[in-house]
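A.B. asks:
Numbering (the numbering used here), first residue to last: 7 to 155.
#1: Please classify residue 23: is it buried, with 16 or more other beta-carbons within 10 angstroms of its beta-carbon, or exposed?
#2: Compare the beta carbon distance of residue 63 and residue 28 with 8 Å and say whether it is the shorter of the two.
#3: Taking only three categories from DSSP, how would you classify residue 48?
#4: To the nearest angstrom, how far is the alpha carbon of residue 67 from that of residue 36?
#5: Compute the Euclidean distance between the alpha carbons of residue 32 and residue 40, then round it to the nearest angstrom.
#6: Would residue 117 and residue 16 be called neighbours here (beta carbons separated by less than 8 Å)?
#7: Using the C-alpha atoms, what's the distance from residue 82 back to residue 73?
#8: Rounded to the nearest angstrom, what separates residue 76 and residue 86 at their Cα positions?
#9: Can you name the residues that DSSP bridges to residue 18?
#10: Rounding to the nearest angstrom, what Cα-Cα distance links residue 13 and residue 115 in this structure?
#11: Indicate the three-state DSSP secondary structure (helix, strand or coil) for residue 28 in the structure shown.
#12: Does the beta-carbon distance from residue 84 to residue 25 come in below 8 Å?
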């Protein structure tokens, strides 16, 4: 793989991890330095899309008010369908996206993060802890800190 290239899927410690975002990959084609997709790439993407849409692998969920869905982006290919929203402001859909860093997560190959990316990003996004929560710092999360506030 060349600089900046990231594999679609990687076997590491006996587990398959995948990161598939066809729209992102195809939109990157607008940059001249990005390697061109070949017919075999498009064929693979078409097959992945077909399998993901098949009754054998597809799971449709109807989330209701108060439901929460947690998905591991490295283990599940997921998306949402279009929806119809309400006109009244107090009934409009309210969706919050939360990116969690699981410090004791499945291990990922260094190749999965691409080249030229800082090593600390492979340990998680970091983030902002709520002001009223104190948790013990874990090695590699924040240097020189006994606690994260």
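Just so you know, even glycine gets a beta-carbon here, dropped at the ideal spot from N, CA and C.
C.D. replies: A quick look at the data gives this:
#1: For the purposes of this step, residue 23 is taken as the residue at position 17 of the chain shown. When all chains shown are included, residue 23 counts as buried.
#2: Locating residue 63 in the chain shown gives position 57, where the first residue counts as 1. Locating residue 28 in the chain shown gives position 22, where the first residue counts as 1. It is not a contact, given that the beta carbons lie outside the stated cut-off.
#3: Here residue 48 refers to the residue found at position 42 when the chain shown is read from its first residue. Secondary structure of residue 48 (DSSP, three-state): helix.
#4: As a position in the chain shown, residue 67 is number 61, starting the count at 1. As a position in the chain shown, residue 36 is number 30, starting the count at 1. Those two C-alpha atoms are separated by around 34 Å.
#5: As a first step, residue 32 must be located in the chain shown, where it is residue number 26. As a first step, residue 40 must be located in the chain shown, where it is residue number 34. Rounded to whole angstroms, residue 32 to residue 40 spans 10 Å at the Cα level.
#6: The residue labelled residue 117 in the question sits at position 111 within the chain shown. The residue labelled residue 16 in the question sits at position 10 within the chain shown. In contact: residue 117 and residue 16 (Cβ atoms closer than 8 Å).
#7: What you label residue 73 is simply residue 67 of the chain shown in a count that begins at 1. What you label residue 82 is simply residue 76 of the chain shown in a count that begins at 1. Going by the C-alpha atoms only, they are around 19 Å apart.
#8: On the chain shown, position 70 is the one that residue 76 refers to. On the chain shown, position 80 is the one that residue 86 refers to. C-alpha separation (whole angstroms): 13 Å.
#9: For this step, residue 18 is matched to residue 12 along the chain shown. Note: residue 18 sits in a beta bridge opposite 21.
#10: Taking the first residue of the chain shown as 1, we reach residue 13 at position 7. Taking the first residue of the chain shown as 1, we reach residue 115 at position 109. C-alpha separation (whole angstroms): 10 Å.
#11: The count along the chain shown starts at 1 and reaches residue 28 at position 22. DSSP places residue 28 in helix when its eight states are reduced to three.
#12: Here residue 84 refers to the residue found at position 78 of the chain shown. Here residue 25 refers to the residue found at position 19 of the chain shown. Taking 8 Å as the Cβ cut-off, residue 84 and residue 25 do not qualify as a contacting pair.
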